[in-house]
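A.B. asks:
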Amino acid sequence: MAELEIRRIGSENPVAIIVVEAAVLLEAGWEDIADEIWVVVVDPEVAIERAMKRDGTDRAAIEARKQ
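Position one of the sequence shown corresponds to residue 232 (this note's numbering), numbered consecutively onward.
Written as structure tokens, this is what we have:
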């Protein structure tokens, strides 16, 4: 469903910018629908701090999700 929507948007507007989470794009094998793939890397500690703030939870809960 998402792949069809991405393809539809791209065909209707060839200069459209579409953002897809890299994990979804790569795991689904949709690399062929992208002209470019940009990956943003964050320090693990920064990611943990952001997740704690976003979710209002503690480090242990975030660490448990990583497992």
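Ideal Cβ placement from N, Cα and C applies to all residues, glycine included.
1) In terms of residues, what are the limits of the alpha helix (DSSP H) holding M283?
2) Within 10 angstroms of its Cβ, does L235 collect 16 or more other Cβ (buried), or is it exposed?
3) Compute the Euclidean distance between the alpha carbons of E276 and A254, then round it to the nearest angstrom.
4) When the Cβ atoms of the region 258-278 are set against those of the region 234-248, are three or more pairs found closer than 8 Å?
C.D. replies: The short version:
1) P275 to D286
2) exposed
3) 20 Å
4) yes
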